[in-house]
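Chemist: Residue 30 is where the sequence shown starts when you use this note's numbering, and the numbers rise one by one after that. Take this structure, written in C-alpha cells, and hold onto it; I'll ask about it next.
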Amino acid sequence: DGATSLNRYDLNARKNETLLPAASDYVLSADAKKLLYRNGTAWSIVPTTRAIQPTEGRIAVDTIDVRIDPQQEWKQIFEEAWRINRDYFYAPNMHGVDWAKQKDKYATFLPHVVTRGDLNRVIQWMSSELAVGHHNVGGGDSPAEPRTVPGGLLGADYEVVNGRYRLKKVYGGLNWNAQLRAPLTEPGVNARAGEYLLAVNGRDLRPPTNVYSLFENTAGKIVEITLGPNADGSGSRIVQVVPVGNEAALRNRDWVEGNLKKVDKATGGRVAYVYVPNTAGAGHAYFKRYFYPQVNKLGVIIDERFNGGGSVADYYIDILQRPFIANWAMRYGDNLKTPFASIQGPKAMIIDETAGSGGDLLPWMFRKFKVGPLVGQRTWGGLVGILGFPVLMDGGNISAPNLAIWTEDEGWIVENEGVPPDIEVEQTPADVIAGRDPQLEKAIEVVMAELKKNPPATPKRPAYPVRGQTQRGTVIKK
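Right, here's the structure in full:
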C-alpha cells in the first residue's frame, strides 16, 4: 500500500521486529523508551519496547492549547540564533568580530520587539555584523497570511488596438511538460499574434477593463475565450483554454530560444549558445539540453546571467575543456571525432551582477582553467555554503555559513568580491526595452574574432592503409 514501516533491529539477536506498520515521521525520547510519531495527520506517543497497535497512544491534537509567552520565546530564539552562529560559522574567529559583544548589543532591542517579523529583523542586524552572504533568517510563528485570489495567465503579451485587446505576442512552450505548458498553443486553440481577445467566459472584454481581472481564480481550470481576426467580432471563434498560474518559465524559455537564434544567425550557425539558469537541477538539465545537440559547432557561448547557484558545477568545466583525441573514418560520410560531445573552438561566458553562489564559482573556474574570456558585469560575490542547521523553537530558521572556498595561492576567494569580467559590458533597462543585448552581442563579437584569428583546421584523412598479403608490390607466396 506504499506505507513506510518503522522497524527495530536487535544486533545481538540478529532479529528484526516491526514496531509500526505505517509511520511518516518519528522522534525518540532522550531515554529512547518513548516514541512520538506521525502517520498522515495523526500523532501518537507510544513505548518502544513492543509492537504497537495502529491507534495506540493517539494524541487529540485539535484539543491541545498551549500558552506561550512571546517575549520569553523570542528571547530564547534570539539566543539560539546567536549560539548557532557561534557553533556553526566556518571561521572560528567570527571574521574578527567580538561575537559575545554583538549579542549584548542587539539584545537591547528585544524589549521593543512586538512581532515575529521584528525579531527576524533584529537577528538579521546581528548576523550582518559578520559581513557574509548566505546568512538567512526567516519563518517562525507568524500570523496566517491573508487569503489572496490567484489569477490565470495565457502566456501572451497584449496591446490595445481599435478599442480592443489584441495578442501582441503568443509565447510557445513544450506542452508535454507541465512546467512549460503554453495555453494558447495547445491543440484546438492555435491562437496567433494579431488576433483579438474579445470575450472571456461570455463576458465582453474592452479597455479600460483590466484583461487580467477576467481571469481571476482560473489557473488550472477550463475557460472559454473568444478570439477573432477583427475588432468588430466578425470571423471570431470560441475555444477552451486552461490558464497557468505562472508564465515565468514560458518567458524565460522564449528569451533563451531567442538568444540561441540570435547567435545562430549572427555566426552563420558556427557558434553554439548554452544558457544555465543555476547550478542545480534546472542548470544541469539546460546544459545537457543545449550543449550536446550543438557539439558540431566550432565555438560556444555560455550564458550564466541570472544564475541562482545551487552546487559546485565543476563538470560543466570538465566538458568544456575536453581535448581532441582522434578522428574516426567511415566508408560513407564525414569524419567523427573523439570525444564526440566536445567543442575545441573558442569559448566565452556572459556574466552579470545577479549571478551568485554557484553562479560565482562557475565563472571563477572558467577563468582559472583559461577556458575563455568573461563578458558582462561582476558577479554577486556570495561563495560560502550552508549545510543545514537546527530548527528554531517556533519553526523558524537561521543559517550560519559553515563552509567557504580558498586556494593556497589566493587565500579566501570571491566572497564579498564577486568575479569581475575580462570585458566589461553594461546592459541597461533601456537596452532591454529596445530589444538590445549588448552583452550577448559582445560575446558573439569576441568568439567570432577568435574564430577568424585561429580558424579550425579541416582534418585531412590519410591514404587508406594497405594491409593485405600483397605489400610494396611483392607477392607473398605460401
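For glycine and all other residues, C-beta sits at the position ideal for the given N, C-alpha and C.
If you draw a straight line from the alpha carbon of tyrosine 304 to that of proline 272, how long is it in whole angstroms?
Modeler: Residue numbering aside, residue 304 sits at position 275 when the sequence shown is read from its first letter. Residue numbering aside, residue 272 sits at position 243 when the sequence shown is read from its first letter. Their backbone Cα atoms lie some 27 Å apart in a straight line.
Chemist: From the DSSP secondary-structure annotation, give me the bridge partner or partners of threonine 47.
Modeler: What you label residue 47 is simply residue 18 of the sequence shown in a count that begins at 1. Beta-bridge pairing links threonine 47 to Asn36.
Chemist: Could you tell me if aspartate 347 is buried or exposed, where buried requires 16 or more neighbouring beta carbons within 10 angstroms of its beta carbon?
Modeler: If you number the sequence shown from 1, residue 347 lands on position 318. Its Cβ having fewer than 16 others within 10 Å, aspartate 347 is exposed.
Chemist: Under the DSSP definition of a beta bridge, which residues are partnered with arginine 232?
Modeler: Within the sequence shown, numbered from 1, the residue matching residue 232 stands at position 203. DSSP output for arginine 232 lists Val229 as bridge partner(s).
Chemist: With distance defined between alpha-carbon atoms, name the residue in Pro179, Gln269 and Thr214 nearest to asparagine 246.
Modeler: Start at 1 with the first residue of the sequence shown, and residue 246 comes out as number 217. Among Pro179, Gln269 and Thr214, the Cα nearest to that of asparagine 246 is on Pro179.
Chemist: Compute the Euclidean distance between the alpha carbons of tyrosine 345 and leucine 209, then round it to the nearest angstrom.
Modeler: Your numbering for residue 345 matches position 316 in the sequence shown. Your numbering for residue 209 matches position 180 in the sequence shown. In a straight line, the C-alpha of tyrosine 345 is about 25 Å away from that of leucine 209.
Chemist: Nearest to arginine 280 by CA position, among Gln82, Asp170, Tyr200 and Asp389, is which residue?
Modeler: Position 251 of the sequence shown, counted from the start, is the residue given in the question as residue 280. Out of Gln82, Asp170, Tyr200 and Asp389, Tyr200 has the C-alpha closest to the C-alpha of arginine 280.
Chemist: Evaluate tryptophan 409 with the Cβ neighbour count: other Cβ atoms within 10 Å of its Cβ, from every protein chain shown; 16 or more gives buried, anything less gives exposed.
Modeler: The residue you call residue 409 lines up with position 380 of the sequence shown. Label assigned to tryptophan 409: buried.
Chemist: If you compare alpha carbons, which of Arg37, Thr144 and Leu64 is closest to glycine 169?
Modeler: Counting from one through the sequence shown, the residue named residue 169 turns up at place 140. Among Arg37, Thr144 and Leu64, the Cα nearest to that of glycine 169 is on Thr144.
Chemist: Taking all protein chains shown into account, decide if histidine 141 is buried (16 or more other Cβ within 10 angstroms of its Cβ) or exposed.
Modeler: As a working mapping, residue 141 is identified with position 112 in the sequence shown. Exposed, because fewer than 16 other Cβ atoms sit within 10 Å of the Cβ of histidine 141.
Chemist: Would a C-beta distance cut-off of 8 Å place valine 110 and isoleucine 427 closer than the cut-off?
Modeler: If you number the sequence shown from 1, residue 110 lands on position 81. If you number the sequence shown from 1, residue 427 lands on position 398. Residue 110 is actually alanine in this sequence, not valine. It is a contact, given that the beta carbons lie within the stated cut-off.
Chemist: Which partner residues does asparagine 356 have in the DSSP bridge list?
Modeler: On the sequence shown, residue 356 is found 327 positions in, with the first residue counted as 1. Answer is Lys366, bridged to asparagine 356.
Chemist: Put glutamate 333 into one of helix, strand or coil per three-state DSSP.
Modeler: Indexing the sequence shown from 1 puts residue 333 at position 304. The answer is coil: DSSP assigns glutamate 333 none of H, G, I, E or B.
Chemist: For lysine 376, which beta-bridge partners are listed by DSSP?
Modeler: As a first step, residue 376 is located in the sequence shown; it is residue number 347 there, counting from the start. Paired residue(s): Val329.
Chemist: Quick check on glycine 322: buried or exposed, where buried means 16 or more other Cβ atoms within 10 Å of its Cβ?
Modeler: By one-based count along the sequence shown, residue 322 stands at place 293. In the sequence as displayed, the identity of residue 322 is proline instead of glycine. Result: exposed.
Chemist: Measure from the alpha carbon of tyrosine 194 to the alpha carbon of each residue in His164, Leu256, Val166 and Val300, then state which is nearest.
Modeler: Looking up residue 194 in the sequence shown gives position 165. The shortest Cα separation from tyrosine 194 among His164, Leu256, Val166 and Val300 belongs to Leu256.
Chemist: Quick one: grab the DSSP three-state call for proline 212.
Modeler: Your numbering for residue 212 matches position 183 in the sequence shown. Three-state DSSP puts proline 212 in a helix.
Chemist: Label valine 404 either buried or exposed according to how many other C-beta atoms from any shown protein chain fall within 10 Å of its C-beta, with 16 as the threshold for buried.
Modeler: Walking along the sequence shown from the start, residue 404 turns up at place 375. Looking at its Cβ environment, which holds 16 or more other Cβ atoms inside 10 Å, valine 404 is buried.
Chemist: The beta strand (DSSP E) spanning glutamine 269 covers which residue range?
Modeler: By one-based count along the sequence shown, residue 269 stands at place 240. Counting along the chain, the beta strand (DSSP E) containing glutamine 269 begins and ends at 266 to 270.
Chemist: For a test of the three-state rule: what should DSSP assign to leucine 390, helix, strand or coil?
Modeler: Start at 1 with the first residue of the sequence shown, and residue 390 comes out as number 361. Looking at leucine 390 - three-state DSSP - the assignment turns out to be helix.
Chemist: Could you say which of Trp435, Phe418, Pro484 and Lys489 lies nearest to valine 166 if we only look at CA atoms?
Modeler: Along the sequence shown, one-based indexing puts residue 166 at 137. Closest by alpha carbon: Phe418.
Chemist: Quick check on asparagine 204: buried or exposed, where buried means 16 or more other Cβ atoms within 10 Å of its Cβ?
Modeler: Indexing the sequence shown from 1 puts residue 204 at position 175. It is exposed - the Cβ of asparagine 204 has fewer than 16 other Cβ atoms within 10 Å.
Chemist: Could you check where the alpha helix (DSSP H) with arginine 280 kicks off and where it finishes?
Modeler: Counted from its first residue, the sequence shown places residue 280 at position 251. 277 to 295 is the span of the alpha helix (DSSP H), which, as asked, contains arginine 280.
Chemist: Buried or exposed for histidine 164, please, with buried defined as at least 16 other CB atoms from any protein chain shown within 10 angstroms of its CB.
Modeler: Working through the sequence shown from its first residue, we reach residue 164 at position 135. Its Cβ being crowded by 16 or more others within 10 Å, histidine 164 is buried.
Chemist: Which class does arginine 150 belong to by DSSP, given the choice of helix, strand or coil?
Modeler: Looking up residue 150 in the sequence shown gives position 121. It is helical.
Chemist: Name the one or two DSSP bridge partners that alanine 433 has.
Modeler: Residue numbering aside, residue 433 sits at position 404 when the sequence shown is read from its first letter. In the DSSP output, where bridge partners are listed per residue, alanine 433 has Val413.
Chemist: Note down the Cα distance separating alanine 355 from leucine 365, rounded to an integer number of angstroms.
Modeler: Indexing the sequence shown from 1 puts residue 355 at position 326. Indexing the sequence shown from 1 puts residue 365 at position 336. The straight-line gap from Cα to Cα measures roughly 9 Å.
Chemist: Using the C-alpha atoms, what's the distance from glutamine 153 back to glutamine 350?
Modeler: Walking along the sequence shown from the start, residue 350 turns up at place 321. Walking along the sequence shown from the start, residue 153 turns up at place 124. One C-alpha to the other measures close to 42 Å.
Chemist: Quick check: alanine 472 and alanine 384, are their CB atoms within less than 8 Å of each other?
Modeler: Position 443 of the sequence shown, counted from the first residue, corresponds to residue 472. Position 355 of the sequence shown, counted from the first residue, corresponds to residue 384. Not closer than 8 Å, so no.
Chemist: Can the beta-carbon of threonine 77 be found closer than 8 Å to that of leucine 48?
Modeler: Stepping through the sequence shown from its first residue, residue 77 is reached at position 48. Stepping through the sequence shown from its first residue, residue 48 is reached at position 19. Yes; because the gap between Cβ atoms is below 8 Å, this pair is in contact.
Chemist: Output needed for aspartate 460: all residues of its chain with C-beta closer than 8 Å, excluding positions within five of it in sequence on either side, in chain order.
Modeler: The sequence position of residue 460 within the sequence shown is 431, counting from 1. Only Asp466 and Pro467 meet the Cβ criterion.
Chemist: On a Cα-Cα basis, can you pick out the residue from Glu46, Asn41, Ser73 and Lys44 that is closest to aspartate 54?
Modeler: Taking the sequence shown and counting its residues from 1, one reaches residue 54 at position 25. The shortest C-alpha separation from aspartate 54 is found at Ser73.
Chemist: Quick one: residues in its chain with C-beta nearer than 7 Å to the C-beta of alanine 248, no 5 flanking neighbours on either side, listed in chain order?
Modeler: The count along the sequence shown starts at 1 and reaches residue 248 at position 219. Cβ neighbours of alanine 248 beyond the five flanking positions: Pro179, Gly180, Gly181, Pro272, Val273 and Gly274.
Chemist: Could you tell me the boundaries of the beta strand (DSSP E) in which glycine 405 lies?
Modeler: Here residue 405 refers to the residue found at position 376 of the sequence shown. First-last of the beta strand (DSSP E) with glycine 405: 403 to 405.
Chemist: How should leucine 556 be labelled, buried or exposed, when 16 other C-beta atoms within 10 angstroms of its C-beta is the threshold for buried?
Modeler: Residue 556 falls outside the range modelled here, since the chain spans only 30 to 507, and no answer is possible.
Chemist: Compute the Euclidean distance between the alpha carbons of asparagine 239 and leucine 64, then round it to the nearest angstrom.
Modeler: The count along the sequence shown starts at 1 and reaches residue 239 at position 210. The count along the sequence shown starts at 1 and reaches residue 64 at position 35. So the alpha carbons of these two residues sit roughly 56 Å apart.
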